[in-house]
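Engineer:
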Amino acid sequence: MPTSMPDMPDSRNWFSDISDSRRRHFLASRREGVLIHVGGNSLVNFASNDYLGLSFHPAVCDGARGALDEAVGSGASRLVSGDDPMLHRLETKLAEWKGYEACLIAGSGMLANIGLLQALADRHTHIFGDRLNHASLVDGTRLSGAKSHRFSHLNYTALAALLERHVSEKRIIVSDGVFSMDGDSANAASLLSLAEAFDTLLVIDDAHGTGTVGPEGRGVTATAGIAGHPRLIEVGTFGKAFGSYGAFILGTRELIEGLRQRQRTVIYSTALPVAMIAAAESALTLIRKGELVEQLNQNLDLFKQRTADIGFMESESPIQPLLVGTDEKALQIANALREAGFFVPAIRPPTVPEGTARLRFTITAAHSPEQIEALAATLRRVL
Ligand SMILES: Cc1ncc(COP(=O)(O)O)c(C=O)c1O
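So for the sequence shown, UniProt numbering puts the first residue at 1; every next one is plus one.
1) Please go through the same chain and pick out, in chain order, the residues whose beta-carbon is closer than 7 Å to the beta-carbon of Ala280, but skip the five residues on each side of it.
2) Please tell me whether Pro318 and Leu296 are closer than 8 Å, where the distance is taken between their beta carbons.
3) Start and end of the alpha helix (DSSP H) containing His88?
4) Alpha carbon to alpha carbon, what distance is there between Met313 and Thr356?
5) Beta carbon of Val60, beta carbon of Ser282: below 8 Å?
6) Residue ranges of each beta strand (DSSP E) run of no fewer than 3 residues wholly in the stretch 139-173, ordered along the chain?
7) Excluding the five sequence neighbours on either side, which residues of its own chain have a C-beta within less than 8 Å of the C-beta of Phe15, listed in chain order?
8) Do Leu359 and Val324 have their C-beta atoms within less than 8 Å of each other?
9) Pick out the complete beta strand (DSSP E) segments inside the stretch 301-339, 3 residues or longer, and give them in chain order.
10) Three-state secondary structure (DSSP) at Ile372?
11) Find the nearest neighbour of Ala340 within the set Glu316, Gly219, Ala376, judged by alpha-carbon distance.
12) Would you give the residue range spanned by the beta strand (DSSP E) that Ile18 belongs to?
13) Going along the chain, which residues of its own chain have a beta-carbon closer than 6 Å to the beta-carbon of Ala222, five neighbours each way excluded?
14) From His57, Arg23, Asn45, pick the residue whose C-alpha is nearest to that of Ile287; which is it?
15) DSSP puts Asp176 in a beta bridge; with which residues?
16) Give the single residue among Asn13, Arg23, Ala47 whose Cα lies nearest to the Cα of Arg338.
17) Tell me whether Asp130 sits in a helix, a strand or coil according to DSSP, three-state version.
18) Anyone know if the C-beta pair for Leu201 and Ile233 falls short of 8 Å?
19) For Glu32, which residues does DSSP report across the bridge?
20) CB of Ser244 to nearest heavy atom of ligand 1: below 7 Å?
21) Going straight from the alpha carbon of Ser42 to that of His134, what length do you get?
22) How many Å lie between Thr362 and Asn49 at the Cα?
23) Out of Ala186, Gly177, Asp206, Ile172, state which residue places its alpha-carbon closest to the alpha-carbon of Phe198.
24) Name the DSSP bridge partner or partners of Asn41?
25) Check for me: the alpha helix (DSSP H) holding Val274 runs from which residue to which?
26) With H, G and I counted as helix, E and B as strand and the rest as coil, what does DSSP make of Val344?
27) For Ile105, count neighbouring Cβ atoms within 10 angstroms of its own Cβ and tell me buried if that reaches 16, exposed if not.
28) Leaving out five residues before and five after Ile347 in sequence, what residues of the same chain have Cβ atoms less than 8 Å from its Cβ?
29) Just reading off the alpha helix (DSSP H) that Ile256 is part of, what are its end residues?
30) To the nearest angstrom, report how far apart Arg123 and Asp309 are at their CA atoms.
31) In angstroms, rounded to a whole number, what distance separates the CA positions of Val266 and Ser144?
32) Do you know how far the Cα of Pro369 is from the Cα of Lys147?
33) Alpha carbon to alpha carbon, how far is Leu79 from Asp69? Give it in angstroms, no decimals.
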């Protein structure tokens with residue numbers, strides 16, 4: 001049996017570089033509506049991406065339950081035997097709702113983005129990404145082998161300069177729609193203008209904007225009036241406003257057919273359980289009614305009114321970050337809020353850039369006005 005060198009790590013010290021101060025903790029918390037039970041305490045949850053409260057909406061739960069009567073797992077990838085007709089029905093509905101020709105459902109947002117960029121790009125491709133893009137877009141770019149160029153957040157002059165400098169046959173601009181940690185939005189119309197001027201594709205991942213911002217909650221591309229443009233590919237998820245799990249990619253008919261052939265994270269992965277699809281379909285019906293999106297906007301307006309002078313970052317989305325700088329200060333405020341009955345996470349590097357630790361509040365349609373008022377009053381006292 002080969003012997004290890006004395007200082008070679010084994011599995012017990014393989015990750016010994018992780019410092020205690022930056023260690024992340026899995027909380028084993030149980031959710032119940034907008035409450036979260038952590039360590040024996042019930043707190044009002046302002047840390048969820050379940051922006052419309054659909055993950056516990058009776059109609060969404062009923063949708064999932066109905067499908068569960070038949071089966072739990074899908075048993076195989078879609079190309080083998082896991083391709084339930086429900087997936088096709090939901091793809092058609094999503095494409096119609098968002099204004100695209102076609103749609104492809106994937107296992108999760110992470111899988112959608114990694115697989116999409118890997119399918120679209122190779123080492124001859126150049127990808128231009130916003131510096132604050134979600135990890136899934138960063139990892140998809142890496143996995144594709146494309147040459148990666150990153151521009152400072154929302155700085156489209158810098159993006160244009162990069163596009164000017166790096167010419168090649170296949171180029172792709174990639175951006176979050178609503179940014180997950182800052183809550184601000186890409187200017188989708190400007191990005192599309194650059195994509196047209198420089199002959200590139202444009203990928204917008206609107207995981208957080210779908211179901212929350214824009215006309216009828218259709219996201220940043222609907223706000224910009226560019227949905228369905230042949231240069232544009234859009235990604236959305238079911239794990240956030242839809243209250244379910246999974247993701248979808250929207251584009252032209254030809255693009256989606258190409259992805260069916262090439263997207264490895266769809267081809268080589270078990271199809272989503274139909275219960276998740278049934279839940280997402282029920283969620284879409286509720287989103288299209290408009291009342292929940294309207295309620296979310298009212299709650300957001302109330303929160304913004306009550307915290308107008310506190311110095312929150314500029315954001316029109318349900319993600320409302322309060323920049324505090326140091327990790328210690330962010331943790332202190334998060335702990336004080338927790339003691340007062342509110343769950344708000346301190347987001348620290350490496351999730352956000354060094355020196356930009358923050359509290360990330362997420363407002364949902366399921367919060368009551370009283371809970372929002374109480375949070376704002378407590379925050380004022382704590383600060
Ligand atoms: C912008 C963005 N894209 C993709 C994802 C990943 O989605 P999922 O949680 O479905 O894997 C997230 C999740 O936080 C996200 O914020």
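From the three backbone atoms N, C-alpha and C, an ideal C-beta is built for every residue, glycine too.
Structural biologist: Checking against the coordinates, here is how it stands:
1) Excluding residues within five positions, the ones whose Cβ falls inside 7 Å are Leu90, Phe238, Phe242, Ser244, Gly246.
2) Yes, these two residues count as a Cβ contact at 8 Å.
3) For His88, the enclosing alpha helix (DSSP H) begins and ends at 85-98.
4) Distance between the alpha carbons of Thr356 and Met313: 12 Å.
5) The answer is yes: Cβ separation under 8 Å.
6) Whole beta strand (DSSP E) segments, 3+ residues: 147-151.
7) Excluding sequence neighbours, Phe15 sits near nothing in its chain.
8) For Leu359 and Val324, yes; Cβs fall inside 8 Å.
9) Within the stretch 301-339, complete beta strand (DSSP E) segments of at least 3 residues are found at 319-325, given in chain order.
10) DSSP places Ile372 in helix when its eight states are reduced to three.
11) Looking at the Cα atoms, Ala376 is the closest of the given residues.
12) Neither: Ile18 is in no beta strand (DSSP E) and is coded neither H nor E.
13) If we look at Ala222 and ignore the five residues flanking it on each side, its Cβ neighbours are Gly214, Pro215.
14) Nearest neighbour of Ile287 by Cα position, chosen from His57, Arg23, Asn45, turns out to be His57.
15) Asp176 pairs with Asp205.
16) For the options Asn13, Arg23, Ala47, the alpha carbon positioned closest to that of Arg338 is the one of Ala47.
17) If DSSP states are grouped into helix, strand and coil, Asp130 belongs with the strands.
18) Going by C-beta atoms, Leu201 is nearer than 8 Å to Ile233.
19) Answer is Leu35, bridged to Glu32.
20) Flag unset: Cβ of Ser244 not near ligand 1.
21) Whole-angstrom Cα-Cα distance: 30 Å.
22) Straight-line Cα distance between these residues: approximately 7 Å.
23) Per the Cα distances, Ile172.
24) DSSP output for Asn41 lists Val38 as bridge partner(s).
25) Taken as a continuous stretch (DSSP letters only), the alpha helix (DSSP H) holding Val274 covers 274-289.
26) Looking at Val344 - three-state DSSP - the assignment turns out to be coil, as it is neither helix nor strand.
27) Flag for Ile105 reads buried.
28) Annotation for Ile347: Met181, Pro321, Ala330, Ala357, Arg358, Leu359, Arg360 place their beta carbon closer than 8 Å to its own, counting only its chain and skipping 5 residues before and after.
29) Where Ile256 is concerned, the enclosing alpha helix (DSSP H) stretches over 253-262.
30) Spanning the alpha carbons of Arg123 and Asp309 requires a straight line of approximately 48 Å.
31) Taking the straight line from one Cα to the other gives about 15 Å.
32) Distance between the alpha carbons of Lys147 and Pro369: 48 Å.
33) Taking the straight line joining both Cα atoms gives about 24 Å.
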